[in-house]
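Enquirer: Chains as they are written, first to last, in numbering that gives the first Met the number 0: chain C, 0 to 75; chain B, 0 to 693. Even for Gly, the Cβ is constructed at its ideal location relative to N, Cα and C. One structure follows; several queries about it will come next.
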Amino acid sequence: MTINPTGRLSAKLHRRVCLVLTEDAVLAEELLARKKLAAEVAGRLSEKVLLIRPGRLDAVLDELRKMGHTPQIVKG
Amino acid sequence: MPPSPNDVIWSDRCRQALSRYIEPLARSVAALLVRPRTNQPLNELLDKAVATLTNPPVIDRRIRDLPESSRKLLALIGLSHQPRWKVEHLLTLLAALGYAEGFAPVQSALEAGLLFPVLTTDQQVESFTAVATAEIFTHPAVATRACGVSLDLPDLAKEEQPALHAIRTADGLDWPLRLAAVWQQVQAAPIRLTQANLLFKKDLHRLQADDVLSTPPMDLALCLPDVGVLALLWAAKCGLLTEHNGELSAATFPTTWEQGILAVLIELVAALPRIDNWNPLLGYNPTETGLSPTPTAGLLIFLLLAAAHPDRWVVPTDLARWLWDHHDLWTGSLPPSAVTDQGTEWVQAYLLGIAFPLQLIEVAENRVRLTRFGRHVFAGAPAPLDPPSFPQTLFVQPNAEILVYRQGLNPAVIATLSRFARWKGLGPACTLELSAEQTYRALESGMTLPMMSQTLTQYSTRPVPPAVIDLLQRWASKRERITVFSSAVLVEFTSSTELDQAINRGIVALRLTDRIGMTASGGEPGLAQLRLLANRDYEAKPQRCVTVDEDGVTLSVDAAAADLLLDVEIGRFASPLPPAPPTARRYRLDPDLLRRAAESLSLAEIDAWFTDRTGQPLSPAGRLFLLGPQLSPPISARLTVIRFPTPELTDGVLQWPDTRRLIRERLGPTAVVVELENMELLRKVLSDIGIAMV
């Protein structure tokens with residue numbers, strides 16, 4: 000299939016997604032190894048991207064801070 | 000002269016209040032203010048009424064038209080610098096001035112359109128009687144014009160002069176510093192309030208025990224009770240903290256903090272009448288009625304000092320005696336120990352703990368008088384100049400502590416430092432500490448690393464140690480390691496090639512997976528360049544978007560209906576099959592994955608997921624993968640199958656005890672299994688009843 004370089008691209012939007020982006024895959028592994036945090040993770044979109052369960056943002060932030068991390072929070 | 004931004008805000012509030020009056024009341028109030036000669040549409044009349052509030056000559060005339068008690072009421076509000084008051088406090092003040100007329104003075108000012116009720120949402124005002132126990136406000140422009148009204152307070156000054164060398168004044172920084180310290184604590188941990196809007200015990204104890212907040216004031220050896228609680232209540236009333244859903248959290252520092260110490264001190268003075276739950280002798284002291292004598296007695300003390308001769312001194316005992324004679328609520332609230340000296344101890348604590356650090360009074364040999372600044376605030380004298388500034392006022396130590404010399408501090412520096420360094424000690428030289436947590440909070444509040452290092456460099460007397468800058472850099476970069484998007488918009492393209500193109504065109508900036516991208520801010524992408532196939536809300540209930548093929552193991556995903564959770568969840572049970580357009584995305588149940596999923600999920604949870612997504616529980620084939628290994632193993636054995644011509648005959652064989660004991664198991668409607676050693680016996684039994692087995 001050829002793509003028109005100026006045409007509109009077909010896409011699906013996923014809104015109100017809560018996710019965690021880590022600097023590297025090892026850090027993502029470290030987060031997933033934390034039992035309480037792993038319970039709030041719905042899945043791993045890629046090696047550096049964790050998808051958080053809907054409505055569990057505060058619990059994730061609490062746990063990250065307990066682990067000594069200082070996450071940058073981007074509000075939508 | 001164009002109206003100031005503050006005038007515009009208060010004019011809006013007055014207009015909103017007027018629009019809640021029923022029409023006859025609104026017309027009558029507006030008519031008294033505007034005095035229109037013709038009948039005008041209501042909205043036009045109300046607009047003119049609000050515009051009149053900022054017209055000094057007209058307001059002066061309207062104030063003159065009021066009864067004397069109402070004029071004094073407006074003067075009290077004006078001199079307090081606080082436009083919003085509880086009605087009961089105002090009635091207390093008027094009673095102390097000798098106008099025990101009840102609600103009448105407030106009602107006259109409300110009817111004249113010079114006072115307005117503080118209304119809750121959608122509240123309609125049919126008359127002013129309901130306002131009697133509520134709050135009112137006035138336009139600051141009106142309050143300012145009323146300040147000239149004489150309150151006829153006595154001059155309590157003494158002839159005798161203290162020795163000039165004994166006069167002491169404060170630098171005015173004590174309370175701004177404490178408020179900044181409490182702001183920092185609330186920023187770190189917001190404070191929840193009870194349903195009655197009071198502090199929980201744990202927070203009360205924390206504030207009472209806090210070393211920084213409880214530091215004795217620098218200039219006078221007077222320790223107020225619960226000074227940390229007062230700092231919290233004060234910070235909440237002067238805009239440093241905001242209350243939302245019963246929780247106090249840190250707000251951004253008000254712009255007044257950029258305007259010099261005197262502007263901040265006036266703001267603190269204006270907030271004093273709004274602090275009810277604190278008392279100079281008892282500390283945190285909430286009352287059942289929510290009304291304390293502190294706001295009114297405090298204001299009367301200032302006004303009595305303002306009424307005294309500017310060059311003479313007042314003895315606190317005389318102030319206490321006047322309050323004792325005129326302020327019944329205050330007299331009645333004094334603890335027994337303070338009654339013996341007619342409340343002098345209360346007045347001294349208020350003067351030395353509140354008025355002195357605010358630079359409102361100067362003290363000499365147990366006498367007090369208003370400072371030039373105090374006379375500016377309460378007697379309309381010209382404003383003094385802001386103190387000279389000394390920009391180089393701090394010293395950053397290699398251990399990441401900051402020593403700040405108080406002479407060079409001003410509210411702007413206090414506010415900036417508070418954002419990224421923790422107050423550790425207040426005194427002639429204050430100490431702060433740089434920490435990872437506070438650096439993180441500063442970054443979260445919008446401050447950048449260059450802003451922090453620039454502040455330190457700008458105000459430092461010596462170069463900032465490179466190790467400290469490195470430390471800040473390290474803490475700041477730590478924050479970059481994890482980014483949490485609370486509500487991002489993810490864009491899923493149909494192929495990785497399309498995602499590449501979207502990145503090249505700047506539609507999205509981050510590649511999350513081979514097909515999913517996102518803008519740098521996690522916000523909405525430019526939709527003009529996209530053809531939307533579907534829109535999914537991550538927080539919505541999961542939709543049914545998977546079909547299970549007849550084989551029970553192949554799962555086909557409806558791409559348009561699928562959501563993001565499906566993609567990550569389905570991978571727990573099945574592996575993707577190679578793409579074969581134009582067919583749907585397909586997966587195959589994987590026995591290993593299913594068993595691994597079963598380690599963290601129960602069968603009921605797996606069934607629930609399949610029911611949500613496919614409309615039916617896990618397929619029998621899936622159950623075979625999942626449960627097969629857990630049950631007893633299948634048995635292989637050599638058996639003989641006998642098939643009868645009809646189900647009825649089979650039923651008979653299984654019912655008749657002589658044959659039933661020889662049958663091992665029924666396989667179907669007409670088939671049974673018999674073990675080899677019973678075969679001949681069954682053949683004989685059947686032949687006895689005339690059935691020959693072939």
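Measuring only the C-alpha atoms, how far is V552 of chain B from F609 of chain B?
Expert: Here residue 552 of chain B is taken as the residue at index 553 of the second sequence, counted from 1. Here residue 609 of chain B is taken as the residue at index 610 of the second sequence, counted from 1. In a straight line, the C-alpha of V552 of chain B is about 12 Å away from that of F609 of chain B.
Enquirer: Taking the beta carbon of S10 of chain B as the centre, do at least 16 other beta carbons fall within 10 Å, making it buried, or is it exposed?
Expert: Stepping through the second sequence from its first residue, residue 10 of chain B is reached at position 11. Buried, since its Cβ has 16 or more Cβ neighbours within 10 Å.
Enquirer: DSSP three-state label for G342 of chain B, please.
Expert: For the purposes of this step, residue 342 of chain B is taken as the residue at position 343 of the second sequence. Note: G342 of chain B maps to coil in three-state DSSP.
Enquirer: Closer than 7 Å by C-beta to E491 of chain B: which residues in its own chain qualify, once you throw out the five before and the five after it? Chain order, please.
Expert: Counting from 1 along the second sequence, the entry for residue 491 of chain B is found at position 492. Closer than 7 Å at Cβ, skipping near neighbours: R514 and I515.
Enquirer: Nearest to G6 of chain C by alpha carbon, out of B:L626, B:A501, B:D611 and B:V545?
Expert: As a first step, residue 6 of chain C is located in the first sequence; it is residue number 7 there, counting from the start. The shortest C-alpha separation from G6 of chain C is found at B:A501.
Enquirer: Let me check understanding here. Comparing Cα to Cα, which of B:L554, B:Q472, B:T496 and B:S485 lies closest to G522 of chain B?
Expert: Translated into positions along the second sequence, residue 522 of chain B becomes position 523. Among B:L554, B:Q472, B:T496 and B:S485, the Cα nearest to that of G522 of chain B is on B:S485.
Enquirer: Report buried or exposed for G714 of chain B, applying the criterion of at least 16 other Cβ atoms within 10 angstroms of its Cβ.
Expert: In the structure as shown, chain B starts at 0 and stops at 693, and residue 714 of chain B therefore has no counterpart that could be examined.
Enquirer: Along chain B, in chain order, which residues have C-beta atoms closer than 9 Å to that of L56 of chain C?
Expert: Here residue 56 of chain C refers to the residue found at position 57 of the first sequence. By Cβ distance, chain B contributes V483, S485 and S486.
Enquirer: Rounded to a whole number of angstroms, what is the C-alpha to C-alpha distance between R440 of chain B and A414 of chain B?
Expert: Counting from 1 along the second sequence, the entry for residue 440 of chain B is found at position 441. Counting from 1 along the second sequence, the entry for residue 414 of chain B is found at position 415. If you take the alpha carbons of R440 of chain B and A414 of chain B, they lie about 14 Å apart.
Enquirer: Give the range of the beta strand (DSSP E) segment to which V105 of chain B is assigned.
Expert: By 1-based counting over the second sequence, the position of residue 105 of chain B is 106. Careful: V105 of chain B lies outside any beta strand (DSSP E), inside the alpha helix (DSSP H) at A103 to E110.
Enquirer: Within this structure, are the beta carbons of P53 of chain C and I481 of chain B separated by less than 8 Å?
Expert: For the purposes of this step, residue 53 of chain C is identified with residue 54 of the first sequence, where counting begins at 1. For the purposes of this step, residue 481 of chain B is identified with residue 482 of the second sequence, where counting begins at 1. It is not a contact, given that the beta carbons lie outside the stated cut-off.
Enquirer: Shortest alpha-carbon distance to S707 of chain B belongs to which of B:P668, B:L471 and B:D657?
Expert: With chain B covering only 0 through 693, there is no way to say anything about residue 707 of chain B.
Enquirer: L393 of chain B lies in the beta strand (DSSP E); which residues open and close that run?
Expert: Working through the second sequence from its first residue, we reach residue 393 of chain B at position 394. L393 to V395 is the extent of the beta strand (DSSP E) around L393 of chain B.
Enquirer: Taking 8 Å as the threshold (C-beta atoms), are L602 of chain B and F572 of chain B in contact?
Expert: As a position in the second sequence, residue 572 of chain B is number 573, starting the count at 1. As a position in the second sequence, residue 602 of chain B is number 603, starting the count at 1. Not closer than 8 Å, so no.
Enquirer: According to a CB-to-CB cut-off of less than 9 Å, which residues of the region 548 to 575 of chain B neighbour chain C?
Expert: For the region 548 to 575 of chain B, which is checked against every Cβ of chain C, the residues closer than 9 Å are A558, A559, A561, D562, L563, L564, D566, V567, E568, G570 and R571.
Enquirer: Distance, Cα to Cα, V185 of chain B vs L240 of chain B?
Expert: Translated into positions along the second sequence, residue 185 of chain B becomes position 186. Translated into positions along the second sequence, residue 240 of chain B becomes position 241. For V185 of chain B and L240 of chain B, the distance between alpha carbons rounds to 8 Å.
Enquirer: Determine the chain C residues that contact T512 of chain B at a beta-carbon separation under 9 Å, and present them in chain order.
Expert: The residue given as residue 512 of chain B occupies position 513 in the second sequence. Result: L44, S45 and V48.
Enquirer: Along the chain, where does the alpha helix (DSSP H) that runs through T91 of chain B open and close?
Expert: As a first step, residue 91 of chain B must be located in the second sequence, where it is residue number 92. Counting along the chain, the alpha helix (DSSP H) containing T91 of chain B begins and ends at V86 to A95.
Enquirer: Under three-state DSSP, which class holds M517 of chain B?
Expert: Walking along the second sequence from the start, residue 517 of chain B turns up at place 518. Three-state result, M517 of chain B: strand.
Enquirer: Can you pull the chain B neighbours of E22 of chain C, defined as C-beta to C-beta under 8 Å?
Expert: Position 23 of the first sequence, counted from the start, is the residue given in the question as residue 22 of chain C. The contacting residues are E479, R480 and I481.
Enquirer: Where are the beta strand (DSSP E) runs, 3 residues long or more, that stay fully inside the region 604 to 690 of chain B, in chain order?
Expert: Fully enclosed beta strand (DSSP E) runs of 3 or longer: 639 to 642 and 670 to 673.
Enquirer: Quick check on the burial criterion: 16 or more other C-beta atoms within 10 angstroms. Buried or exposed for Q437 of chain B?
Expert: Numbered from its first residue, the second sequence carries residue 437 of chain B at position 438. That one is buried.
Enquirer: With a threshold of 8 Å between beta carbons, is R374 of chain B in contact with chain C?
Expert: Position 375 of the second sequence, counting from 1, holds the residue named residue 374 of chain B. Output row for R374 of chain B: interface = no.
Enquirer: Along chain C, in chain order, which residues have C-beta atoms closer than 7 Å to that of C529 of chain B?
Expert: Numbered from its first residue, the second sequence carries residue 529 of chain B at position 530. The displayed chain sequence assigns Leu, not Cys, to residue 529 of chain B. Correct list: R7, L8 and A10.
Enquirer: Is the CB of V25 of chain C under 8 Å away from at least one CB in chain E?
Expert: This model lacks chain E altogether; the protein chains it does include are C and B.
Enquirer: Rounded to whole angstroms, what is the Cα-Cα separation between T330 of chain B and Q341 of chain B?
Expert: Here residue 330 of chain B corresponds to residue number 331 of the second sequence, with the count starting at 1. Here residue 341 of chain B corresponds to residue number 342 of the second sequence, with the count starting at 1. Looking at the two C-alpha atoms, the distance is approximately 8 Å.
Enquirer: Using 8 Å for Cβ pairs, my map puts R405 of chain B next to P387 of chain B. What's the rounded Cβ distance?
Expert: Counting from 1 along the second sequence, the entry for residue 405 of chain B is found at position 406. Counting from 1 along the second sequence, the entry for residue 387 of chain B is found at position 388. With a Cβ gap of about 14 Å, R405 of chain B and P387 of chain B do not count as contacting.
Enquirer: Specify the secondary structure class of C13 of chain B as computed by DSSP and reduced to three states.
Expert: Residue mapping note: residue 13 of chain B aligns to position 14 of the second sequence, counting from 1. Looking at C13 of chain B - three-state DSSP - the assignment turns out to be helix.
Enquirer: Nearest to P334 of chain B by alpha carbon, out of B:W345, B:H326, B:D324 and B:D327?
Expert: On the second sequence, position 335 is the one that residue 334 of chain B refers to. Comparing Cα positions, the closest option is B:W345.
Enquirer: Tell me which residue opens and which closes the beta strand (DSSP E) that T438 of chain B is part of.
Expert: The sequence position of residue 438 of chain B within the second sequence is 439, counting from 1. From DSSP, T438 of chain B is part of no beta strand (DSSP E) but of the alpha helix (DSSP H) over A435 to E443.
Enquirer: Leaving out five residues before and five after N677 of chain B in sequence, what residues of the same chain have Cβ atoms less than 6 Å from its Cβ?
Expert: Residue mapping note: residue 677 of chain B aligns to position 678 of the second sequence, counting from 1. Result list for N677 of chain B: L661, in chain order.
Enquirer: Out of curiosity, what's the CA-to-CA distance linking M0 of chain C and T496 of chain B?
Expert: Start at 1 with the first residue of the first sequence, and residue 0 of chain C comes out as number 1. Start at 1 with the first residue of the second sequence, and residue 496 of chain B comes out as number 497. Unreliable placement is indicated for M0 of chain C, whose pLDDT of 49 sits below 50; the coordinate value is still reported in the next sentence. Rounded to the nearest angstrom, the two C-alpha atoms are 10 Å apart.
Enquirer: Could you confirm whether any beta carbon from chain B is found closer than 8 Å to the beta carbon of K74 of chain C?
Expert: Counted from its first residue, the first sequence places residue 74 of chain C at position 75. By this cut-off, K74 of chain C is an interface position.
Enquirer: State the start and end residues of the unbroken beta strand (DSSP E) segment that holds N534 of chain B.
Expert: In the second sequence, residue 534 of chain B corresponds to position 535, counting from 1. Its beta strand (DSSP E) spans residues L529 to D536.
Enquirer: Is DSSP giving K477 of chain B helix, strand or coil here?
Expert: As a first step, residue 477 of chain B is located in the second sequence; it is residue number 478 there, counting from the start. In the structure shown, K477 of chain B sits in a helix (DSSP, three-state: H, G or I).
Enquirer: Give me the chain C residues within the contact set of L471 of chain B, using Cβ-Cβ distance strictly less than 7 Å, ordered along the chain.
Expert: Here residue 471 of chain B refers to the residue found at position 472 when the second sequence is read from its first residue. Neighbours of L471 of chain B on chain C: none; closest Cβ ~13 Å, over 7 Å.
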